[in-house]
Amino acid sequence: MSDNGAWVSLFSGGKDSSWALYRALEEGLDVRRLVTVHPDGDSYMYHVPATDLAALAAESIGIELLEVEPDDFEADAATDSSVQGDDELEPLEAALQDLDDDLEGGIAGVTAGAVESEYQTSRIEGMCDRLGCELFAPLWQEDPRKLANAMLEAGFEIEIIQVAAHGLDESWLGRTLDRAALADLERLNEEYGVHVLGEGGEFETLVVDAPHMDRRIDLEYETEWEGTRGRLRITDARLEDA
1 MSDNGAWVSL
11 FSGGKDSSWA
21 LYRALEEGLD
31 VRRLVTVHPD
41 GDSYMYHVPA
51 TDLAALAAES
61 IGIELLEVEP
71 DDFEADAATD
81 SSVQGDDELE
91 PLEAALQDLD
101 DDLEGGIAGV
111 TAGAVESEYQ
121 TSRIEGMCDR
131 LGCELFAPLW
141 QEDPRKLANA
151 MLEAGFEIEI
161 IQVAAHGLDE
171 SWLGRTLDRA
181 ALADLERLNE
191 EYGVHVLGEG
201 GEFETLVVDA
211 PHMDRRIDLE
221 YETEWEGTRG
231 RLRITDARLE
241 DA
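Spelled out as structure tokens, the structure:
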């Protein structure tokens, strides 16, 4: 790895990885690749829903996207969460090793959108140590309320695409994470313990517009609700005309 090499952004299209990328660009880091992992089924390591839309987001951002597909994962998922997390990291690390060979100057560092998950962060830190590169994790252990406000102040338009927490009903699906939604999440945090940023998969998001995006992502969808959880089923997605 090279100190003068490229930066790579771990990118799902959700608010946390998008914020990490945005802050890296603000800091002047030379981000030359976005990397999206598409796990097959539930994952301990990665944001799962709607990662297929990361390609549209990357096109709007103007940075080339590398996609790590489900076929790159082991067919037999480990039952132990620690083992599964390590297994899930292997295809990502292999992809970054290949990128290090391909990018001029190699990889100088990796951006990640981890907020509170020691499980994820420790593994990404270990991977960066093995790759000999830096880790830029600007959300790590920051106050979630301040982070949410900073995203909105910067002009992020964030859509909630999946919910799975007591207190979050079907009305949250497709809702924009704006000031009113944050106020409601604050109340749900006090009443039910819902995390303001949805840590632990309580809710998942997609950034449809932001200052580092040239064109907004327009979505058409249907809602799917299963008693205590639900998601958007995206029926069409396109970049709006410039």
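Under the UniProt record's numbering, think of the first position of the sequence shown as 1, with each following residue one higher.
Don't be surprised by glycine CBs; every beta carbon is placed ideally from N, CA and C.
Contact with chain E by residue i, beta-carbon distance below 8 Å
i, result
"glutamine 141", "No chain E is present in this structure, which holds just one protein chain."
Rounded straight-line distance, which links the Cα of residue j to that of residue i
i, j, result
"phenylalanine 136", "isoleucine 160", "25 Å"
"leucine 65", "glutamate 116", "26 Å"
"glutamate 142", "glycine 200", "16 Å"
"leucine 206", "leucine 131", "29 Å"
"phenylalanine 73", "glutamate 93", "Low confidence applies here, because phenylalanine 73 scores a pLDDT of 49, under 50, leaving its location unreliable; read the following figure in that light. Rounded to whole angstroms, phenylalanine 73 to glutamate 93 spans 12 Å at the Cα level."
"proline 91", "phenylalanine 11", "15 Å"
"glycine 227", "serine 171", "13 Å"
"isoleucine 234", "valine 68", "21 Å"
CB of residue i within 8 Å of CB of residue j, strictly
i, j, result
"aspartate 209", "glutamate 220", "no"
"arginine 23", "proline 138", "yes"
"tryptophan 7", "alanine 108", "yes"
"leucine 182", "methionine 127", "no"
"leucine 232", "glutamate 202", "no"
"serine 18", "arginine 215", "no"
"proline 144", "histidine 212", "no"
Cross-strand partners of residue i (DSSP beta bridge)
i, result
"isoleucine 158", "Val207"
"valine 37", "Val68"
"valine 163", "Phe203 and Gly230"
"tryptophan 172", "DSSP output for tryptophan 172 lists no bridge partner at all."
"leucine 219", "Ala237"
Where the beta strand (DSSP E) containing residue i begins and where it ends
i, result
"alanine 237", "230–239"
Extent of the continuous alpha helix (DSSP H) to which residue i belongs
i, result
"aspartate 184", "179–192"
"serine 60", "54–61"
Checklist line | Completely contained alpha helix (DSSP H) runs for the stretch 90–132, where each covers 4 or more residues | finding: As far as the stretch 90–132 is concerned, its whole alpha helix (DSSP H) runs of at least 4 residues are 118–131.
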